[in-house]
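Single-structure report; data block below.
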Ligand code: ITT
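Pasting the structure below:
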């Protein structure tokens, strides 16, 4: 699978099909066709999403030598001083949504945000370029699974919606999400570069 724009080919290096599908929908609205590349990306330990994404994209680029995107996301819960932040993947694998809700028990402040950093790198660049997006919302009292989503989607309700991300279709989630915002910024920049 590949994405072609004026003869250029780019890939999204990710092992997460949900992230890929969300990105694909945003990019397709900008007439960009994206391909999923399953290379092993290096995820350094850092509190800075941008630093993680930049390191990952350079590492991925070195493996395949083609223009490439990676995206790194985190969930920051205000009452938990920003936990799990960039460690969202590990926290999801270990305590999951149930564990996070337990940590939030009796907590009145449910505010939280998702952040996303899309990093792009190609041979023309000296350093990777980053595009950021974020969405504020609240951690629900209970798990609310719909028929969509992944990760913390069943416990995150963006402000302005009655539904959790898991209760939304990809199209609905993309109206609010951190990832859609970051990919929209990337798409605008990339299209201006390619003069499409
Ligand atoms: P990569 O292969 O692209 O790294 P990943 O699943 O490890 O995929 P991230 O590091 O970007 O993705 O995200 C870390 C975790 O944060 C992810 O596994 C989810 O548990 C959670 N997460 C990120 N974005 C999310 C979203 O839009 N909705 C729900 N949970 C999300």
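Residue numbers (this note's numbering): 288 to 483. Using N, Cα and C, we set each Cβ at its ideal position, and we do this for glycine too.
*Would you say residue 246 and residue 470 are within 9 Å of each other, going by their C-beta atoms?*
Because the chain in this structure spans residues 288 to 483, residue 246 falls outside the shown range and cannot be described.
*Would you kindly report the start and end of the unbroken alpha helix (DSSP H) that includes residue 351?*
Start and end: 336-351.
*Counting by C-beta, which residues lie closer than 5 Å to a heavy atom of the ligand ITT, in chain order?*
This selection yields 301, 302, 303, 359, 360, 375, 376, 379, 438, 439 and 440.
*Check the DSSP bridge columns for residue 404 and list the partner residues they point to.*
DSSP, once it has assigned bridges, lists 359 and 419 as partnering residue 404.
_Between which residues of its own chain and residue 337 is the CB-CB distance below 6 Å, once the five residues before and five after are set aside?_
Exclusion of the five residues before and after residue 337 leaves 404 and 417 as the residues of its chain whose Cβ lies within less than 6 Å of its Cβ.
*asked:* Could you pull the DSSP bridge partners for residue 370 from this structure?
replied: Residue pairing by DSSP places residue 370 opposite 364 in a beta bridge.
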